[in-house]
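Sequence lines, in order, name chains L and A.
Counting in our numbering, the first sequence runs from 800 upward without gaps.
Counting in our numbering, the second sequence runs from 800 upward without gaps.
All C-beta atoms in this analysis are idealised placements derived from N, C-alpha and C, irrespective of residue type, glycine included.
For clarity, every value in this text was computed on a predicted model and none was experimentally measured.
2 protein chains.
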Amino acid sequence: MKIGELARRLGIAPSKIRFLEARGVLCSDRLPNGYRDYGEDAVEDAVTALRIILQAQSVGFTLDEIERALLENQSKQPSCADMIERLKVKLGDLNRHIAQSTEVRDRLAQMIAALTRREVDNRDLPVDLQDHGPVRLAGE
Amino acid sequence: MKIGELARRLGIAPSKIRFLEARGVLCSDRLPNGYRDYGEDAVEDAVTALRIILQAQSVGFTLDEIERALLENQSKQPSCADMIERLKVKLGDLNRHIAQSTEVRDRLAQMIAALTRREVDNRDLPVDLQDHGPVRLAGE
DNA sequence: CTACACCTTCAACCTATATTTAAGGTCAAG
DNA sequence: CTTGACCTTAAATATAGGTTGAAGGTGTAG
Numbered sequence: 800m801k802i803g804e805l806a807r808r809l810g811i812a813p814s815k816i817r818f819l820e821a822r823g824v825l826c827s828d829r830l831p832n833g834y835r836d837y838g839e840d841a842v843e844d845a846v847t848a849l850r851i852i853l854q855a856q857s858v859g860f861t862l863d864e865i866e867r868a869l870l871e872n873q874s875k876q877p878s879c880a881d882m883i884e885r886l887k888v889k890l891g892d893l894n895r896h897i898a899q900s901t902e903v904r905d906r907l908a909q910m911i912a913a914l915t916r917r918e919v920d921n922r923d924l925p926v927d928l929q930d931h932g933p934v935r936l937a938g939e
Numbered sequence: 800m801k802i803g804e805l806a807r808r809l810g811i812a813p814s815k816i817r818f819l820e821a822r823g824v825l826c827s828d829r830l831p832n833g834y835r836d837y838g839e840d841a842v843e844d845a846v847t848a849l850r851i852i853l854q855a856q857s858v859g860f861t862l863d864e865i866e867r868a869l870l871e872n873q874s875k876q877p878s879c880a881d882m883i884e885r886l887k888v889k890l891g892d893l894n895r896h897i898a899q900s901t902e903v904r905d906r907l908a909q910m911i912a913a914l915t916r917r918e919v920d921n922r923d924l925p926v927d928l929q930d931h932g933p934v935r936l937a938g939e
């Protein structure tokens, strides 16, 4: 399988696969003419790797971090003392991030509810804006 | 209060306050000499606005979205039908994001546990890597 | 008056993460 | 053989979110 079909299958641009490969988080076999060639196993590996990479990226890991974690994990010699520390820091970040996301999610849900009510009754202001009163933003 | 002290109080760079003001999500009064001047109320407003802005940013809202939401919320004429739709989409995004973050958080925690065990017993591989087998990454 | 910290604007630059484009090679169908 | 889809690399551009630097004004202390 060539890169175009793999990209379509993954729902991403071929350029992104090339980019990730250049970054060092993916690899590929090549045909004699230089084209990237993905066998059956390679396709499955790529899909799995991409799923991990995109998911990690989506929750705030940089490609550098992902690369370090993946490579370190695959190395036969552990030597991971440093990495475990880095991952623990990331775990803390992630927990704080989840707490914050949840808080914002709840406020957003309240806001939507309040705005929806306001469509009917105009007096009802969003709770989270009432809490701190009108904030001076731009243009006042 | 001038921008430097406000920035120190907020723990951010003065340049960031200027940047956010230029972006349209903050405002300021000016002294006759052009310096930004924050009165007592303005300081509180700025702190509140910054808290909201940074938190929203940290969970994936762009400055454009934050600006639209804040300005729309403060407008006297609701006309928010569009915004409610946008916010609902964002709420969905946020819920998916929380689910994904939580999943990655749990896997990360397992990975740390496994790596910590491996420091003692080298056979014990991280569960999330066992699940999908070795992934072909770069350099193999 | 001199120093020095602080402020202004505006434009340039930076990092991360890609995408797009330019110039060219490969290949199967008609 | 030509056309068009697809591939290659390298370099330029895009986008978000800033930071930095130049050039210059302000304010206060010695």
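By the 16-neighbour rule on beta-carbons within 10 angstroms, arginine 835 of chain L is buried.
Contacts with chain L (Cβ-Cβ distance below 8 Å) from the stretch 901-915 of chain A involve Thr901, Glu902, Val903, Arg904, Leu907, Ala908, Met910, Ile911, Leu914, Thr915, listed in chain order. Among the residues facing chain A, isoleucine 852 of chain L is not included, as its CB has no counterpart in that chain under 7 Å away. Sixteen is the threshold: when 16 or more other Cβ atoms of the shown chains lie within 10 Å of the Cβ of aspartate 844 of chain L, as they do, the residue is buried. For the stretch 806-821 of chain A, residues whose beta-carbon sits nearer than 8 Å to a beta-carbon of chain L comprise Glu820. The C-beta of valine 846 of chain L comes no closer than 7 Å to any C-beta of chain A. At least one CB of chain L lies nearer than 7 Å to the CB of leucine 890 of chain A. Within chain A, the C-beta atoms nearer than 7 Å to that of asparagine 894 of chain L come from Arg904, in chain order. Its Cα nearest to that of glycine 810 of chain L, the residue L/Leu849 stands out among L/Arg822, L/Thr901, L/Leu886, L/Leu849. Against chain A, the CB of serine 827 of chain L has no partner CB under 7 Å away; the residue lies outside that interface. DSSP places valine 846 of chain A inside the alpha helix (DSSP H), whose first and last residues are 839-857. For alanine 812 of chain L, there is no enclosing alpha helix (DSSP H), as DSSP marks it with neither H nor E.
A straight line joining the alpha-carbon of glycine 833 of chain L with that of aspartate 905 of chain L spans about 52 Å. With a 10 Å radius around the Cβ and a threshold of 16 neighbouring Cβ atoms, leucine 830 of chain L comes out exposed. Valine 903 of chain A and serine 900 of chain L do not touch by the CB rule: their CB atoms are close to 12 Å apart, not below 8 Å.
Short of 8 Å from the beta carbon of valine 842 of chain L, and not among the five residues preceding or following it, lie these beta carbons of its own chain, in chain order: Met800, Leu805, Arg808. Annotation for leucine 893 of chain A: no residue places its beta carbon closer than 6 Å to its own, counting only its chain and skipping 5 residues before and after.
Its chain contains Leu862 as the residues whose beta carbon lies nearer than 6 Å to that of arginine 822 of chain A, once the 5 sequence neighbours on both sides are disregarded; these appear in chain order. Rounded to whole angstroms, the separation of the alpha carbons of arginine 916 of chain L and isoleucine 911 of chain A is 46 Å. Annotated as proximal: leucine 890 of chain L and leucine 907 of chain A, with beta-carbon spacing under 7 Å.
With 16 or more neighbouring CB atoms inside 10 Å of its own CB, valine 824 of chain L falls in the buried class. By the 16-neighbour rule on beta-carbons within 10 angstroms, alanine 812 of chain A is exposed. For valine 842 of chain L, the closest Cβ of chain A is not nearer than 7 Å. Within its own chain, the residues whose Cβ lies closer than 7 Å to the Cβ of isoleucine 816 of chain L, once the five positions on either side in sequence are excluded, are Ile802, Leu805, Ala806, Leu825, listed in chain order. Using beta-carbon distances, isoleucine 865 of chain L does not count as an interface residue toward chain A, since no partner is under 7 Å.
Closest in alpha carbon position to phenylalanine 860 of chain L, among L/Val846, L/Val888, L/Thr847, is L/Val888.
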